[in-house]
Amino acid sequence: MDMHPDILQEFHEIYSEFSSGKAVVRTLSTLKQLREDSVYWVEGTIIGVERNKEFCYLACRICGKKVDQAADRKWCWRCQAFTFTNIFRYTVEITVADESDTAKMTLWNRATQKLLGEPAEDVISRYGDTARVMPDDIAEKILEKEGLFEVVICTQRSYDDVFDVSRLTIDEEIKDVYIMRNYPPAYESSSEDNSSQSTMDYAEEQDRVV
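Per the UniProt record's numbering, the very first residue in the sequence shown carries number 1; after that it's consecutive.
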């Protein structure tokens, strides 16, 4: 499947940040203790999806913000106008775990589209515009996904609540760059240990055969 131009551009931006060392990764437990507004990345696994909330909303096609129903028309507060062409966009609450802690996060439209591989409009067209509670097959596509999540830290909010995810990546190329830059000795040692163990296992097997 071809990437949407915006998603492709974001891929190159994230790749550049990780390959240059500009991207800073922190654990969830560290993020919860921060007391300054900032943006950090977290490496984690999605272990939960909120199923009892709407997973998409009707948005203004111009600005992307949620619209309010007013009789047979829809009002956009940002544009300060009634809208006549609207589009469905994702908003999904997930639970992410790393080696230190767990945290709830909100995935917005682009991040969710990356995970599912299709826009919200396509999902709604299959299930109908009244099916706002997430279908089982959609939740299954999100659960157990491993990735890097860019999290917005805002000191005015309590993080017993929910972090906002501004970007995410599940691309193997970016994960490899992250691992090589942050864990090169362990990565190389692990590769050497596995190679040595395989050689020893093979030698022992040959001794038994002989």
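The beta carbon of each residue, even a glycine, is placed where N, CA and C say it ideally should be.
In this text, all values refer to a predicted model and were calculated from it rather than measured experimentally.
Here the alpha carbons of C56 and V123 stand approximately 10 Å from one another. Residue environment: G147 is assigned as buried (16 or more neighbouring CB atoms within 10 Å of its CB, all protein chains considered).
The segment 60-102 contains no complete alpha helix (DSSP H) run of 4 or more residues. The beta carbons of W41 and E150 sit closer together than 7 Å.
Residues of the same chain with their beta carbon placed closer than 6 Å to that of T30 are lacking, with the five preceding and five following residues left out of the count. Take the alpha-carbon of A59 and the one of W108: they are about 12 Å apart.
Separation of Y90 and Y183 (C-alpha to C-alpha, rounded to the nearest whole angstrom) is 34 Å.
For E43, the uninterrupted beta strand (DSSP E) segment begins and ends at S38 to V49.
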